[in-house]
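Participant:
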Amino acid sequence: MVPSAPKLNGFSQLKQASYCPFDKGWRLPWDMINLDNLYKMNYHVTISPDPLHSEDFYDRKYANKVFRQFLNELKKNNLYSNIISVYEYGPRGKKYGKLHWHILFRTSKVRKIETISNTFFGTTPKRCKATTVVKRIRIDKNYVARSDKDKIANYHKQVEFIMNNYMKKEQHNKHKCLYTDMIPKNN
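So this is what it looks like as structure tokens:
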């Protein structure tokens, strides 16, 4: 049972609710995030739960609880240094769509993250390929003719493309992310 937070001026005092181990960075507005580390992210991971999974990933509250457990497991195993995540509905929209998550990671252990993700959201090893999709974000060092400044600008464009086309695409993600640990020290 989740304890409810006391109300102040008609709004819940979410900071005092103790139901989420990630409450400090859970549903944080984009302008409160320390984006200095954004351009140090090196993986974009999409987790789309298998439709044959025994759990109901069409219910947002339930699906985000499972996602919290997944994040807790990653945090327990120290598998990332920075993270920003959002959730989206499938192409059928909010009413009929299945939830999936887009996550930007700063990690060197992406295969372990992929394995844990497949245990939480996948069903069989054959079907796990579509459950967790990992894309590397990196500075392309193969173009010798390009200057370092151009390579870094290309990397920044990749991150901005992911932010605009995945992270801030849906209406509920335009102002807040689902979870991040990139919080300024003064908060």
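The opening position of the sequence shown corresponds to residue 0 in numbering that gives the first Met the number 0, with each subsequent residue numbered one higher.
Note that beta-carbon positions come from the ideal geometry of N, C-alpha and C, so glycine has one too.
None of these values were measured; they are calculated from a predicted model.
Rounding to the nearest angstrom, what Cα-Cα distance links G121 and S146 in this structure?
Facilitator: So the two alpha carbons sit approximately 42 angstroms from each other.
Participant: Quick check: the stretch 67-84 against the stretch 103-121, are there 3 or more CB pairs under 8 angstroms?
Facilitator: With a cut-off of 8 angstroms, the stretch 103-121 and the stretch 67-84 count as touching, because enough Cβ pairs lie within range.
Participant: Checking 8 angstroms against the spacing of the C-beta atoms, do I236 and S116 come in under that value?
Facilitator: In the structure as shown, the chain begins at 0 and stops at 186. Residue 236 is therefore absent and cannot be evaluated.
Participant: Return the chain-ordered ranges of every alpha helix (DSSP H) run that is complete within the stretch 91-117 and spans a minimum of 4 residues.
Facilitator: The stretch 91-117 contains these whole alpha helix (DSSP H) runs: 92-95.
Participant: In the DSSP assignment, find the unbroken beta strand (DSSP E) run with K150 in it and report its ends.
Facilitator: First-last for K150: 147-161, but that is the alpha helix (DSSP H), not the beta strand (DSSP E).
Participant: Leaving out five residues before and five after V133 in sequence, what residues of the same chain have Cβ atoms less than 7 angstroms from its Cβ?
Facilitator: So the list reads Y42, V44, V109, E113, once near-sequence residues are dropped.
Participant: Please list the terminal residues of the continuous beta strand (DSSP E) segment that includes T122.
Facilitator: Careful: T122 lies outside any beta strand (DSSP E) and carries neither H nor E.
Participant: Suppose contacts are defined by Cβ-Cβ distances below 8 angstroms. Is L98 in contact with R59 by that definition?
Facilitator: Yes, Cβ-Cβ distance for L98 and R59 is below 8 angstroms.
Participant: Would you mind sorting P20 into buried or exposed? The rule is 16 or more other CB atoms within 10 Å of its CB.
Facilitator: Unreliable positioning characterises P20 in this predicted model, as indicated by a pLDDT of 49, which lies under 50. The coordinate reading is nonetheless provided below. Classification for P20: exposed.
Participant: Within the continuous alpha helix (DSSP H) that includes E169, where are the two ends?
Facilitator: Where E169 is concerned, there is no enclosing alpha helix (DSSP H), given that its DSSP letter is neither H nor E.
Participant: Pull up the CB-CB distance for Y178 and L37, whole angstroms please, since I reckon it's below 8 angstroms.
Facilitator: No, Y178 and L37 are not in contact; Cβ-Cβ is about 15 angstroms, not under 8 angstroms.
Participant: G92: buried (16+ other C-beta within 10 angstroms of its C-beta) or exposed?
Facilitator: Classification of G92: exposed, given that the 10 Å Cβ count is below 16.
Participant: With I138 and M40 assumed to form a contact (beta carbons below 8 angstroms), what rounded beta-carbon distance in angstroms separates them?
Facilitator: That belief does not hold up - the Cβ atoms of I138 and M40 are roughly 12 angstroms apart, past 8 angstroms.
Participant: Check this for me: beta carbons of I83 and M31, under 8 angstroms apart or not?
Facilitator: Not closer than 8 angstroms, so no.
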